[in-house]
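Heads up, the thing below is written out as C-alpha cells.
Below you can see the structure in the form of C-alpha cells.
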C-alpha cells in the first residue's frame, strides 16, 4: 500500500501539533519510500532553511528505513558519502526524521527541521504516530 496524500497530511498535522506543544517553529516534510515529497508544511515564522533540512532528513530516513539520526555517526563513511553524492546531495544524515513503516514495509518518512535535532525527531515521531 502506498502512502496517500491524506495520510501524509495527517502525519504533518501531528508533527505541527507537537511543534506547537514544544513552542518551536519548524518545517515538516513527508515523502514516499523513494524520497519523493508528498506533503510539505512550513510554520509561520519558521526559518527558511528548515524546508531543506526537513526534506533531506526525510529522504535519508526513507532510503535507509531508520531514523535519520541513526546515520549521523557514520555520515563520514565513504560508502554513505558516495550514496549521498550519487543521490544528488539531497539526503541529510542528521537527526530529525523517522521512517513510516507499515506491515514491515517502509512506505516513506517524516522529516522535521528548524528546532533542535531532538525536538525535530520528537515532532516527526508524533506525526508518524498519527498514522
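Residue numbers (my numbering): 10 to 140. Ideal Cβ positions, reconstructed from N, Cα and C, are used throughout, including at glycine.
Anticipated Cβ contact below 8 Å, residue 77 with residue 102, distance rounded | In the chain shown, counting from the first residue as 1, residue 77 sits at position 68. In the chain shown, counting from the first residue as 1, residue 102 sits at position 93. Going by Cβ atoms, the distance from residue 77 to residue 102 rounds to 6 Å, so yes, they are a contact pair.
Quick one: grab the DSSP three-state call for residue 25.
-> For the purposes of this step, residue 25 is identified with residue 16 of the chain shown, where counting begins at 1. Looking at residue 25 - three-state DSSP - the assignment turns out to be helix.
Inter-residue Cα distance where the pair is residue 17 and residue 79 | One-based indexing of the chain shown puts residue 17 at position 8. One-based indexing of the chain shown puts residue 79 at position 70. Distance between the alpha carbons of residue 17 and residue 79: 23 Å.
N- and C-terminal bounds of the alpha helix (DSSP H) containing residue 104 = Here residue 104 refers to the residue found at position 95 when the chain shown is read from its first residue. Element bounds for residue 104: n/a, residue is neither H nor E.
Rounded C-alpha distance that separates residue 122 from residue 37 = The residue labelled residue 122 in the question sits at position 113 within the chain shown. The residue labelled residue 37 in the question sits at position 28 within the chain shown. Rounded to the nearest angstrom, the two C-alpha atoms are 7 Å apart.
When you compare only the Cα positions, how much space is there between residue 54 and residue 106?
-> What you label residue 54 is simply residue 45 of the chain shown in a count that begins at 1. What you label residue 106 is simply residue 97 of the chain shown in a count that begins at 1. Cα to Cα, residue 54 sits roughly 21 Å from residue 106.
Whole-number beta carbon distance between residue 108 and residue 71, since they are thought to touch under 8 Å | Walking along the chain shown from the start, residue 71 turns up at place 62. Walking along the chain shown from the start, residue 108 turns up at place 99. Yes, residue 71 and residue 108 are in contact; Cβ-Cβ is about 6 Å, under 8 Å.
Take every Cβ of the stretch 128-140, pair it with every Cβ of the stretch 108-119, and state whether three or more of those distances are shorter than 8 Å.
-> yes
Would you mind giving the Cβ-Cβ distance between residue 27 and residue 119, rounded to the nearest angstrom? I have them listed as a contact below 8 Å.
-> The count along the chain shown starts at 1 and reaches residue 27 at position 18. The count along the chain shown starts at 1 and reaches residue 119 at position 110. The pair is not a contact, with the Cβ atoms about 11 Å apart (cut-off 8 Å).
By Cβ distance, which residues of its chain are closer than 8 Å to residue 127, with the 5 residues on each side in sequence left out?
-> In the chain shown, the residue the question calls residue 127 occupies position 118. Cβ within range, chain order: 104.
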